[in-house]
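I have placed the structure first, in the form of structure tokens, so that the comments after it can refer back to it.
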Amino acid sequence: MPLTKRENFLKNANFRGHEWIPQWAFISPPYWRVAREELEDICLRHPVLFPDFRKGQIDFDQVLDETQRERTDEWGCRWRYELDGLEGIVIEHPLEDWAALSRWKPPQPPVFDDSKRQALEGCRARGEITRYDAPHGFFLMRLYYLRGMENFLEDVGMNDPRLDQLATMVADHWEQAFAPYLAAGLDVLNVADDLGTQTASLLGPTHFRRLLMPHYKRLFHPAREKGTLVSMHHDGYIMDIIDDLLECGVSTVNPQDLVNGIDNIARCVKGRACIKIDIDRQQVLPFGSPAEVRDLVREEVLKLGSPAGGLEMVVGIYPPTPLANIEALFSALEEYRTYWVGRAE
Numbered sequence: 270m271p272l273t274k275r276e277n278f279l280k281n282a283n284f285r286g287h288e289w290i291p292q293w294a295f296i297s298p299p300y301w302r303v304a305r306e307e308l309e310d311i312c313l314r315h316p317v318l319f320p321d322f323r324k325g326q327i328d329f330d331q332v333l334d335e336t337q338r339e340r341t342d343e344w345g346c347r348w349r350y351e352l353d354g355l356e357g358i359v360i361e362h363p364l365e366d367w368a369a370l371s372r373w374k375p376p377q378p379p380v381f382d383d384s385k386r387q388a389l390e391g392c393r394a395r396g397e398i399t400r401y402d403a404p405h406g407f408f409l410m411r412l413y414y415l416r417g418m419e420n421f422l423e424d425v426g427m428n429d430p431r432l433d434q435l436a437t438m439v440a441d442h443w444e445q446a447f448a449p450y451l452a453a454g455l456d457v458l459n460v461a462d463d464l465g466t467q468t469a470s471l472l473g474p475t476h477f478r479r480l481l482m483p484h485y486k487r488l489f490h491p492a493r494e495k496g497t498l499v500s501m502h503h504d505g506y507i508m509d510i511i512d513d514l515l516e517c518g519v520s521t522v523n524p525q526d527l528v529n530g531i532d533n534i535a536r537c538v539k540g541r542a543c544i545k546i547d548i549d550r551q552q553v554l555p556f557g558s559p560a561e562v563r564d565l566v567r568e569e570v571l572k573l574g575s576p577a578g579g580l581e582m583v584v585g586i587y588p589p590t591p592l593a594n595i596e597a598l599f600s601a602l603e604e605y606r607t608y609w610v611g612r613a614e
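Numbered by our numbering, the letters in the sequence shown go through residues 270 to 614 in order.
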């Protein structure tokens, strides 16, 4: 019998073989507004990638009204959203002045109640992946959301003990949030921190090891001890801290391909952790040719994949990507998804 999506996902992530490379494509709301029915038709032509997609299910013109343009999150950070469907920016930082720290408290972790337990059990019974998705920017980014970027970088450079105190408070929150889910049994814990710039990690290895590594270990090691995969998203260049991330307990890394270098990723990560490669959306997909898009997918499958598995592929699609490149991307993903099945490396 063929594997279920869950069975294939887990076998692949644990290097026990696979029947196809797990693949995901996210199409941003601004692109739907531009491409509309033409993009809808492309998705309908690729049911392997979009098995549940139906004509008419997307509201092409969904927009945020003015009351949704700004909000204050549960941590006290004030956000502004300039573009529909895309991440906003924090415009007010509750701990911009350290004097506020004595009065500030992190939010209470979400309550793990019977409805959440039943939802996990339902996923498990249906053969679906059981997962906990922490919000984007759950730790490192949360620190500079709270302090503001310039203040945060100054705190790091000065080894300000108040930043360590704040990091411990944020870690306490996530430890409490993760614990009941891990106790109930999870296939994967998904976390996300954009750790890199275009050319280097945001914090160099010395500062990463001092400020972040103890907390990441504290949060990720209990998951690994229970057999839960830790999948971590991180935009930007991370090759200078990749060994540290793996030591922290990350079992699936989600690096950007061309920013980090495909050959670098193959050399540093392949066989050590599952690679959830983020297909380039800065150069090739928006500005290359359809042939270049196909060649990029092929290169990544050949260099990062193996008969044992260990490769996932994900892509985000945003304007001004040509429709011909999206068609080429989806076709290439379908063409190469089973490349390693039955092959020797």
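Even glycine gets a Cβ: it sits at the ideal position worked out from N, Cα and C.
Within the DSSP bridge table, the entry for Gly465 names Ser470 as partners. A direct Cα-Cα distance of roughly 6 Å separates Asp424 from Leu432. Scanning the region 501-528 from its first residue to its last, the whole alpha helix (DSSP H) runs of 4-plus residues come out as 511-517.
Burial is judged here by how many other beta carbons sit within 10 angstroms of a residue's own beta carbon; Trp609 has at least 16 and is buried. Per the DSSP secondary-structure output, Lys545 pairs in a beta bridge with Glu581. Here Ile311 carries a helix assignment [DSSP, helix/strand/coil]. The continuous alpha helix (DSSP H) containing Asp383 extends over residues 383-394.
DSSP, reduced to helix, strand and coil, places Glu351 outside both helices and strands of the structure shown, so it counts as coil. Between Arg372 and Trp344, the alpha-carbon positions lie close to 13 Å from each other.
In the three-state DSSP reduction, Thr437 falls in the helix class (H, G or I).
In this structure the region 374-391 lies against the region 431-450, because at least three pairs of beta carbons, one per stretch, are closer than 8 Å. Taking each of Asp504, Arg302, Leu272 in turn and checking the Cα distance to Gly396, the smallest one comes out for Leu272. The count of Cβ pairs closer than 8 Å, one atom from the region 484-491 and one from the region 516-524, reaches three, so the stretches are in contact. Rounded to the nearest whole angstrom, the CA to CA distance from Leu352 to Pro299 is 8 Å. In the same chain as Met438, and ignoring 5 residues on each side of it, the C-beta atoms closer than 6 Å to its own belong to Pro375, in chain order. Residue state for Val317 is assigned as coil, using DSSP reduced to three classes. Counting along the chain, Val359 sits inside the beta strand (DSSP E) bounded by residues 358-361.
Distance from the CA of Ala294 to the CA of Arg550, rounded to the nearest whole angstrom, comes to 12 Å.
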